[in-house]
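**Q** Under this note's numbering, the very last position in the sequence shown is 623; numbers go up by exactly one each time.
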Amino acid sequence: MQESRLVMDVPEEIWEQIISLLILDDHDLHLEPLSLVSKTFLSITNRLKQTLIISNPTSNFIPKLFLRFPNLKHISLSDFHGELTSILQFISLSNFPLESLDLSNRDDFPSDSIQQFPNSSLKSIKSLKLHNLSIFTDSDLGVISQFITNLEELDVSDPKEDCCVTDISGGAAIGITDDGVDLLASKLPHLRKVNLSGNLFISDKSLINLSEKCLNLEEIIVKSCNFVTQTGVAFALQNCQNLNSVSVLGMDLVVSPEMNQSLSSARNLSVLDFSYMSVSDPLLFSIVKASIPLKKFTLYHCKDFTFSGVLSLLRTYNSLQYLALEGVYWITDRTIIDMSKFLRKVTTVKLNFCSRLTSSGFLTLLKNCPSLDILEMEKTDMGKQEFAVNNAYNPQTRALILNSNKNLSNECLEKIAFSCPNLELLDVSDCSSITRKGIGEIIRNCTGLRHLQMNGCGMIKSLGMDAKLRKLQVLRASGSGLNDDGLMMIAKKCPALLYLDVMGCSGITSKGVKEVVHHCTRLKEINLNWCRDMSRDIVAWMVFSRPSLRKIVPPCGFVATEHEKSLFLRHGCLIDEI
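1) Would you tell me roughly how many angstroms separate the C-alpha atoms of residue 367 and residue 108, rounded to the nearest one?
2) From the DSSP secondary-structure annotation, give me the bridge partner or partners of residue 79.
3) Short of 7 Å in beta carbon distance, which residues of its chain neighbour residue 611, apart from the five on each side in sequence? Order them along the chain.
4) Which same chain residues end up closer than 8 Å to residue 427 when comparing Cβ atoms and leaving out the 5 residues on each side of it in sequence?
5) DSSP state of residue 470, grouped into three classes?
6) Measuring CA to CA, which of 203, 387, 248 is closest to residue 224?
7) Going straight from the alpha carbon of residue 83 to that of residue 568, what length do you get?
8) Between residue 214 and residue 154, what straight-line distance do the alpha-carbon atoms span, to the nearest angstrom?
9) With DSSP collapsed to three states, give me the class of residue 58.
10) If you measure between the beta carbons of residue 413 and residue 440, is that distance less than 7 Å?
11) Between residue 342 and residue 328, which are expected to be in contact by the criterion C-beta below 8 Å, what is the C-beta distance as a whole number of angstroms?
12) By Cβ distance below 8 Å, which residues in the same chain neighbour residue 374 in space, the five residues on each side in sequence not counted?
13) Give the straight-line distance between the Cα atoms of residue 239 and residue 362, rounded to the nearest whole angstrom.
14) Measuring CB to CB, does residue 470 end up less than 7 Å from residue 496?
15) Quick one, which of 281, 436, 572 has its alpha-carbon nearest residue 289's?
16) Tell me the DSSP secondary structure of residue 311 in three-state form.
17) I'd like to check one pair, residue 254 with residue 235: are the Cβ atoms closer than 7 Å?
18) Which first and last residues belong to the alpha helix (DSSP H) in which residue 111 is found?
19) Which residue's Cα is closest to the Cα of residue 198: 123, 145, 283, 477?
20) According to DSSP, residue 544 sits in a beta bridge with which residue or residues?
21) Measuring alpha carbon to alpha carbon, tell me which residue in 205, 271, 85 is nearest residue 55.
22) From what residue to what residue does the beta strand (DSSP E) around residue 701 run?
23) Could you give the C-beta distance for residue 258 and residue 230, rounded to a whole number, given that I count them as a contact under 8 Å?
24) How far does the alpha helix (DSSP H) with residue 91 in it reach, from first residue to last?
25) Tell me the DSSP bridge mates of residue 121?
26) With DSSP run on the structure shown, which of helix, strand or coil describes residue 193?
27) Under 8 Å by Cβ, that's how I've got residue 409 and residue 391 pegged, so tell me the actual separation to the nearest angstrom.
28) In three-state DSSP terms, what is residue 486?
29) Following the continuous alpha helix (DSSP H) through residue 417, name the residue where it begins and the one where it ends.
30) What would DSSP say about residue 426, mapped onto helix, strand or coil?
31) Assuming contact is defined by CB atoms lying nearer than 7 Å, are residue 500 and residue 523 in contact in what I supplied?
32) Taking the alpha-carbon of residue 100 as reference, which of 498, 128, 310 has the nearest alpha-carbon?
33) Using a 10 Å radius around the Cβ and a threshold of 16 neighbouring Cβ atoms, would you call residue 286 buried or exposed?
34) Where residue 579 and residue 425 are concerned, what is the direct C-alpha to C-alpha distance, given to the nearest angstrom?
35) Tell me which residues share the same chain as residue 126 and place their Cβ nearer than 8 Å to its Cβ, disregarding the 5 neighbours each side in the sequence.
36) Output the boundary residues of the beta strand (DSSP E) element that contains residue 291.
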């Protein structure tokens, strides 16, 4: 009663401002529980919802959803695999302030439907994502350039393999070419970001046309484009005055007067992302000499560079915020000592697949990088220790990705718990040596933990009796040793739990699952795939016992009838039989 009076006493516009502040960081995460408070909050949250992901089951409720949420700005159909025509027609008639549309993972681009949109509905779209299409051609680019005229971001990356072939009967390429990109660049001068990765028919000509005709171009991604060479990249660097991000894969860049001149001309270049290519020390020295405003640098499984080249780059760009050196065989704990001296401002470091790194290098980074927020060391030698590191305390670090470290021990987790007290995300999946004791130290000391992944950790049967996990929202423990006792502890200690994945956990039964579903009142998704010791009625019991559930992956042997699927869906829960 007091809550109802409070809602009524405060003007609706004030509540709207307050709720708007709540969703700044987590997008729509808090809207659903707030909508249940009162009719006033329901009205406000309906107006504030901006993102809608449409899947196959959701499509039946499209008219009602579109009426309920009048201010949608971002719509994704990447998980919808049915006929698009009717849904796009609803979108075209809804007068949304639509800014982004995701039509990825489809057989083709719905050119006919797009052409039926009123001009007013398409003018607001600034971002279009068409990733992983089976058929996408120059004519589709023509439709986009003609009808979505204010487009600023376009992703046509990674078409399916059969898209980049030649139609033998007609002699035409089933995929986009330089001619299509030329037309696009001519008609869409406001383009800022373009991802052409995986399109095998484009060449340097596409980069040249984009550079000459799209004067606002800021980001180019051309990974796995076989006919795009150093010439095209150099031209873009030299001629796109606003270019700040370049990502390439599989292209060998050779130092030349042309490349040096291009790098020196790229006065706004802040992001360089190189993958699976030759990157020589002379190229790194050229980047150093160019004095660009570099903030983010990635070398992913590259070759031919040495410690000298990397150290020179770090010494010059000691304000780097993001550094990824993945799959570098020569990185050791000793080299980390020297490199970390120039990483005082770095917030993200990725050293995955650096097999010679141990816990000593890890602790050195925590100690010497006071701004470090995210650290990834997947498949290293974490758990071993080459030398002692004292005073490795970093309250700034919030996320650690440490999966697939076979030597990671309970003692190492204890040090992590002390060193990173404000940890919010931890991934120790496939670290086979850790047990409840180690994970218990993390939980005891890192009380702000929100996301825990321990897939494949067969030695962990429970999170420990002293668990304080009031903020934990995501627990992914597929293939772990988690059992009913562990689930009962989770039920009592994790009131904020939203997602639970216990796929393949042989030690859990209906008893443990019911405890979690009963006590975790915000639970939205649960994965019970390959869980064998479950009662036949467990799925129905969960749906009707926990109204917050939106998705259930059922256990082994459960096959829902169409009537059951429809019934559960009417209660707001999708049954996803993988």
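For each residue, glycine too, the CB sits at the ideal point set by N, CA and C.
**A** With the structure as the only source:
1) Taking the first residue of the sequence shown as 1, we reach residue 367 at position 322. Taking the first residue of the sequence shown as 1, we reach residue 108 at position 63. So the alpha carbons of these two residues sit roughly 43 Å apart.
2) As a position in the sequence shown, residue 79 is number 34, starting the count at 1. Beta-bridge annotation (DSSP): residue 79 is not paired with any residue.
3) As a working mapping, residue 611 is identified with position 566 in the sequence shown. So the list is empty, once near-sequence residues are dropped.
4) Indexing the sequence shown from 1 puts residue 427 at position 382. The answer, listed in chain order, is 402, 403, 404, 407, 447, 450, 452, 453, 457.
5) As a working note, residue 470 is residue 425 in the sequence shown. In this structure, residue 470 counts as strand in the three-state DSSP scheme.
6) If you number the sequence shown from 1, residue 224 lands on position 179. With distances taken between Cα atoms, residue 224 lies closest to 248.
7) Within the sequence shown, residue 83 is the residue found at index 38, counting from 1. Within the sequence shown, residue 568 is the residue found at index 523, counting from 1. Whole-angstrom Cα-Cα distance: 21 Å.
8) Translated into positions along the sequence shown, residue 214 becomes position 169. Translated into positions along the sequence shown, residue 154 becomes position 109. With a pLDDT of 47 at residue 214, under the threshold of 50, the modelled position of that residue is not reliable, and no figure is offered here.
9) Taking the sequence shown and counting its residues from 1, one reaches residue 58 at position 13. Three-state result, residue 58: helix.
10) On the sequence shown, residue 413 is found 368 positions in, with the first residue counted as 1. On the sequence shown, residue 440 is found 395 positions in, with the first residue counted as 1. The answer is no: Cβ separation not under 7 Å.
11) Counting from 1 along the sequence shown, the entry for residue 342 is found at position 297. Counting from 1 along the sequence shown, the entry for residue 328 is found at position 283. About 12 Å separates the two Cβ atoms, so there is no contact after all.
12) Indexing the sequence shown from 1 puts residue 374 at position 329. Correct list, in chain order: 399, 400, 401.
13) Position 194 of the sequence shown, counted from the first residue, corresponds to residue 239. Position 317 of the sequence shown, counted from the first residue, corresponds to residue 362. For residue 239 and residue 362, the distance between alpha carbons rounds to 26 Å.
14) Numbered from 1 along the sequence shown, position 425 holds the residue referred to as residue 470. Numbered from 1 along the sequence shown, position 451 holds the residue referred to as residue 496. Result yes, Cβ atoms of residue 470 and residue 496 sit closer than 7 Å.
15) Mapped onto the sequence shown, residue 289 falls at position 244. The candidate whose alpha carbon is nearest that of residue 289 is 281.
16) On the sequence shown, residue 311 is found 266 positions in, with the first residue counted as 1. Here residue 311 sits in coil by DSSP.
17) Translated into the one-based positions of the sequence shown, residue 235 becomes position 190. Translated into the one-based positions of the sequence shown, residue 254 becomes position 209. Against a cut-off of 7 Å, the Cβ pair of residue 254 and residue 235 comes out as no contact.
18) For this step, residue 111 is matched to residue 66 along the sequence shown. Taken as a continuous stretch (DSSP letters only), the alpha helix (DSSP H) holding residue 111 covers 107-113.
19) By 1-based counting over the sequence shown, the position of residue 198 is 153. When only C-alpha atoms are compared, the closest one is 145.
20) Counting from 1 along the sequence shown, the entry for residue 544 is found at position 499. Answer is 519, 570, bridged to residue 544.
21) If you number the sequence shown from 1, residue 55 lands on position 10. Residue 85 is the option with its Cα nearest to residue 55.
22) The structure shown does not extend to residue 701, since the chain is modelled only from 46 through 623, so no value can be given for it.
23) Here residue 258 corresponds to residue number 213 of the sequence shown, with the count starting at 1. Here residue 230 corresponds to residue number 185 of the sequence shown, with the count starting at 1. Confirmed, about 4 Å.
24) Taking the first residue of the sequence shown as position 1, residue 91 is located at position 46. Residues 84-93.
25) Within the sequence shown, residue 121 is the residue found at index 76, counting from 1. Looking at the DSSP assignment, residue 121 forms a beta bridge with 98, 147.
26) Taking the sequence shown and counting its residues from 1, one reaches residue 193 at position 148. Here residue 193 sits in coil by DSSP.
27) Residue 409 sits at position 364 when you count from the first residue of the sequence shown. Residue 391 sits at position 346 when you count from the first residue of the sequence shown. Rounded, the Cβ-Cβ distance is 13 Å, inconsistent with contact.
28) Locating residue 486 in the sequence shown gives position 441, counting from the first residue. In the structure shown, residue 486 sits in a helix (DSSP, three-state: H, G or I).
29) Against the sequence shown, residue 417 aligns to sequence position 372. Looking at the DSSP string, residue 417 is not in any alpha helix (DSSP H), and its letter there is neither H nor E.
30) The residue you call residue 426 lines up with position 381 of the sequence shown. Under the three-state reduction of DSSP, residue 426 is assigned to coil, being neither helix nor strand.
31) As a position in the sequence shown, residue 500 is number 455, starting the count at 1. As a position in the sequence shown, residue 523 is number 478, starting the count at 1. It is a contact, given that the beta carbons lie within the stated cut-off.
32) In the sequence shown, counting from the first residue as 1, residue 100 sits at position 55. If we check each option's Cα against that of residue 100, 128 comes out closest.
33) Numbered from 1 along the sequence shown, position 241 holds the residue referred to as residue 286. When all chains shown are included, residue 286 counts as exposed.
34) Indexing the sequence shown from 1 puts residue 579 at position 534. Indexing the sequence shown from 1 puts residue 425 at position 380. So the two alpha carbons sit approximately 38 Å from each other.
35) Sequence index remark: in the sequence shown, residue 126 carries index 81 (1-based). Excluding positions up to five away in sequence, the list reads 101, 150, 151.
36) To locate residue 291, count along the sequence shown from 1; it is residue 246. Looking at the DSSP string, the run of the beta strand (DSSP E) that includes residue 291 is 290-294.
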